[in-house]
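A.B. asks: According to full-length UniProt numbering, the stretch in the sequence shown is residues 1 to 399, in order. Please read through the structure below; I'll follow up with questions.
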Amino acid sequence: MNTKLNGQKSIKLILHPGHGKCGSTSIQVFLHSNVDQLKTKRIYLPDSSFRFSFETEPKAEELPFKTPKMKMYGWPIYYFRDFLQNKKPLSLFEERIKKILEDAQKSDCEAIIISAENLVNIDKNNGTGGKIHKILSSYFSDVIVLYYIRRQDDYLISSWQQWAHKKGKKIQEYILECLNSHEPQFFKIAKFFEDIYGTNNVQVVPLNKEVLIEGDLIKDFCHRTQININIETPSKYYSNPSVNPYVCDILSRTPNVFLYHLNDNFPRFAPENDEIKMLLNKYVTTKDLLWSNDKTILNDEMKEMVMKHFEEENRQLHQTYFNYVPYEKVFGVQKLANSQKSLEHEIDKLKDVMALQMEIILNLLIEKEEKKQKEKNRFQNKLKGKLSKIIKPIKKMFH
């Protein structure tokens with residue numbers, strides 16, 4: 001089955017199965033910040049319930065960005081999660097696709113965009129992830145699959161910063177675990193997409209300025225997906241920065257702090273819980289120290305080991321998708337000049353951590369003093385009010 005039947009128009013599928021820590025959030029923020037512009041080009045996005053605004057009688061709360069919560073969680077990763085966790089049968093997803101296409105034919109829709117990083121989980125729940133793609137490929141004949149990856153040593157550092165350090169894992173321990181399970185499986189996932197959607201419909205792009213159009217992720221995404229809209233400042237969409245890896249290293253030694261839980265939007269005791277990250281952001285104003293992708297947290301030997309582990313697959317990816325850029329520029333290891341420089345750099349970075357700690361302590365002390373002063377002012381104003389009530393009648397007695 002495809003999207004062009006009985007003379008009806010073909011609906012294009014732009015699929016961005018964004019691998020975690022590969023620019024997915026930035027792309028999603030860009031897309032959902034430009035919903036209206038995309039509509040003028042007859043391109044539509046789903047909300048978190050996988051509904052589109054062109055559908056007949058959608059519920060108001062299910063339309064993109066109708067509430068602050070929907071604005072924050074307005075992409076369908078949570079919808080797909082229910083299928084990947086076996087909470088819903090895939091038959092419901094297929095019925096949803098049929099309904100979407102039926103309504104799209106009656107509207108001005110020419111293309112839909114699906115962006116969800118959990119769509120790379122092709123083996124999840126006995127292959128449920130893969131079956132989702134098989135359903136999509138059976139209903140869409142006009143498809144663009146855009147899959148962003150990054151060099152594996154960078155990816156593993158970034159994913160450790162995002163998730164694994166919260167479980168108390170040291171970075172070396174985490175990387176060895178990933179290598180034993182051969183993660184990330186960029187090559188396997190890319191080959192799967194080729195098999196399902198066709199080689200000519202799949203683009204695999206590393207997050208490398210030599211490869212990205214104009215060296216920019218957002219411009220690259222628009223160019224490769226044939227989206228022609230006005231992009232004023234691409235950098236404003238860059239999202240989900242990583243906490244300084246040296247801070248993460250310290251936090252990995254005290255994982256109990258991640259049991260802190262106030263916001264029900266984040267699961268308790270889960271690595272997705274970002275509340276500590278939010279607290280750090282609240283009390284730190286020196287953002288260039290807090291947010292950092294410094295790769296020196298991992299020594300040269302470990303980097304070489306990681307890249308050697310994936311070299312065969314990387315060479316195949318390079319040859320197939322981006323051989324116009326030298327292999328070494330994408331997957332080569334750049335070593336520090338000498339071990340002394342590495343040691344000096346590490347000491348300097350630990351000083352940065354101490355500076356952040358000092359700023360947090362001082363900001364907390366300032367906040368405490370300001371609160372104390374507010375209480376004092378409130379008490380004084382209250383006292384003045386009471387005295388005024390007593391004094392006014394007395395003054396009247398003498399006038």
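Glycine included, each C-beta is placed from N, C-alpha and C at the ideal position.
Could I get the ranges of all uninterrupted alpha helix (DSSP H) runs contained in the stretch 195-283, with 4 residues as the minimum, in chain order?
C.D. replies: Taking only runs of at least 4 residues, the alpha helix (DSSP H) segments lying wholly in the stretch 195-283 are 217-225, 245-251 and 275-283.
A.B. asks: In whole angstroms, what separates the C-alpha of Cys222 from that of Ile366?
C.D. replies: Spanning the two alpha carbons is a distance of roughly 45 Å.
A.B. asks: For Ile361, which option in Asp300, Lys308 and Lys282 has the closest C-alpha, if you only look at C-alpha atoms?
C.D. replies: Nearest C-alpha to Ile361: Lys282.
A.B. asks: Kindly indicate which residue of Asn125, Ala355 and Arg315 has the alpha-carbon position closest to the one of Val284.
C.D. replies: The shortest C-alpha separation from Val284 is found at Ala355.
A.B. asks: Can you tell which of Glu173, Lys392 and Ile227 has the C-alpha that lies nearest to the C-alpha of Arg253?
C.D. replies: Minimum Cα distance to Arg253 is reached at Glu173.
A.B. asks: Note down, in chain order, each residue of its chain lying with its Cβ closer than 8 Å to the Cβ of Glu359, except the 5 sequence neighbours on either side.
C.D. replies: Closer than 8 Å at the Cβ level, and outside the excluded window around Glu359, lie Tyr283, Val284, Thr285 and Thr286.
A.B. asks: Using a Cβ distance threshold of 8 Å, determine whether the stretch 15-32 contacts the stretch 129-147, with at least three qualifying pairs required.
C.D. replies: They touch, by the three-pair rule.
A.B. asks: Have a look at Lys9 and Met278 and give me their C-alpha separation to the nearest angstrom.
C.D. replies: Roughly 46 Å separates the two Cα atoms.
A.B. asks: Please list, in chain order, all residues of the same chain as Asp82 whose beta carbon is under 6 Å from its beta carbon, the five residues on each side excluded.
C.D. replies: Cβ neighbours of Asp82 beyond the five flanking positions: Lys88.
A.B. asks: Pull up the distance between the alpha-carbon of Glu110 and that of Ile196, whole angstroms please.
C.D. replies: Cα to Cα, the separation comes out at about 22 Å.
A.B. asks: Is it true that the CB of Tyr155 sits closer than 8 Å to the CB of Val204?
C.D. replies: No.
A.B. asks: Using the beta-carbon count (16 or more within 10 Å), is Lys236 buried or exposed?
C.D. replies: Lys236 is exposed by the Cβ-count criterion.
A.B. asks: Spatial neighbours of Asp220 within its chain, please: CB distance less than 7 Å, with the 5 preceding and 5 following residues excluded, ordered by chain position.
C.D. replies: Excluding sequence neighbours, Asp220 sits near Val205, Leu212 and Ile213.
A.B. asks: Between the alpha carbons of Asn323 and Arg151, how many angstroms are there, rounded?
C.D. replies: Rounded to whole angstroms, Asn323 to Arg151 spans 15 Å at the Cα level.
A.B. asks: Could you pull out every unbroken alpha helix (DSSP H) segment of at least 4 residues lying fully inside the stretch 318-383, listed in chain order?
C.D. replies: If we require 4 residues or more, the alpha helix (DSSP H) runs fully inside the stretch 318-383 come out as 327-331.
A.B. asks: If we call anything under 8 Å between Cβ atoms a contact, is Asp227 one with Cys22?
C.D. replies: Here residue 227 is Ile; the residue named in the question, Asp, does not match the sequence. Not a contact, by the Cβ cut-off of 8 Å.
A.B. asks: From Ile113 to Ser239, what distance separates their C-alpha atoms?
C.D. replies: Near 19 Å, if we compare the C-alpha coordinates of Ser239 and Ile113.
A.B. asks: Would you say the stretch 167-187 touches the stretch 45-57, given that touching needs at least three Cβ pairs under 8 Å?
C.D. replies: Touching, no, given that fewer than three Cβ pairs across the two stretches are closer than 8 Å.
A.B. asks: Note down, in chain order, each residue of its chain lying with its Cβ closer than 6 Å to the Cβ of Val333, except the 5 sequence neighbours on either side.
C.D. replies: Cβ within range, chain order: Lys303, Glu304 and Met307.
A.B. asks: DSSP has Val35 in a bridge; who is on the other side?
C.D. replies: None, per the DSSP bridge assignment.
A.B. asks: Using the Cα positions of residue 408 and Tyr78, report the straight-line distance between them to the nearest angstrom.
C.D. replies: This structure gives no information on residue 408, because the portion of the chain shown stretches from 1 to 399.
A.B. asks: How should Asp348 be labelled, buried or exposed, when 16 other C-beta atoms within 10 angstroms of its C-beta is the threshold for buried?
C.D. replies: Exposed.
A.B. asks: Would you grab the beta carbon distance between Ser26 and Leu217 for me? Rounded to a whole angstrom, and I think it's under 8 Å.
C.D. replies: Right, the Cβ-Cβ distance comes to about 6 Å (below 8 Å), so this counts as a contact.
A.B. asks: At what residues does the beta strand (DSSP E) containing Ser115 begin and finish?
C.D. replies: Counting along the chain, the beta strand (DSSP E) containing Ser115 begins and ends at Ala111 to Ser115.
A.B. asks: Keeping to the same chain, check which residues put their C-beta closer than 7 Å to that of Lys209; ignore five residues upstream and five downstream.
C.D. replies: Excluding sequence neighbours, Lys209 sits near Gly215.
A.B. asks: Is the beta carbon of Asn140 sitting closer than 8 Å to the one on Ile11?
C.D. replies: The sequence as given places Phe at residue 140; Asn does not occur at that position. A contact, by the Cβ cut-off of 8 Å.
A.B. asks: Could you check whether the Cβ of Gln226 sits closer than 8 Å to any Cβ belonging to chain B?
C.D. replies: Protein chain content of the structure displayed is limited to a single chain, and chain B is not contained in it.
A.B. asks: Excluding the five sequence neighbours on either side, which residues of its own chain have a C-beta within less than 6 Å of the C-beta of residue 410, listed in chain order?
C.D. replies: Nothing can be reported for residue 410: it is not among the residues displayed for the chain, which extend from 1 to 399.
A.B. asks: Considering Leu290, what are the terminal residues of the alpha helix (DSSP H) in which it resides?
C.D. replies: Residues Lys287 to Leu290.
A.B. asks: Starting from Lys135, follow the alpha helix (DSSP H) in both directions and report where the run begins and ends.
C.D. replies: Note that residue 135 is Ile in the sequence shown, not Lys. Start and end: Lys124 to Tyr139.
A.B. asks: Tell me which same chain residues have a C-beta within less than 8 Å of the C-beta of Ile144, skipping the five on either side of it?
C.D. replies: The residues are Lys12, Leu13, Ile14, Leu15, Asn201, Gln203, Arg224, Thr225 and Gln226.
A.B. asks: Can the beta-carbon of Ser342 be found closer than 8 Å to that of Asn293?
C.D. replies: No, Cβ-Cβ distance for Ser342 and Asn293 is not below 8 Å.
A.B. asks: Per DSSP, what are the beta-bridge partners of Tyr44 in this structure?
C.D. replies: Paired residue(s): Ile112.
A.B. asks: Here's a check: name, in chain order, each residue in its chain whose Cβ is nearer than 7 Å to the Cβ of Arg96, leaving out the five neighbours to either side.
C.D. replies: Result list for Arg96: Phe50, in chain order.
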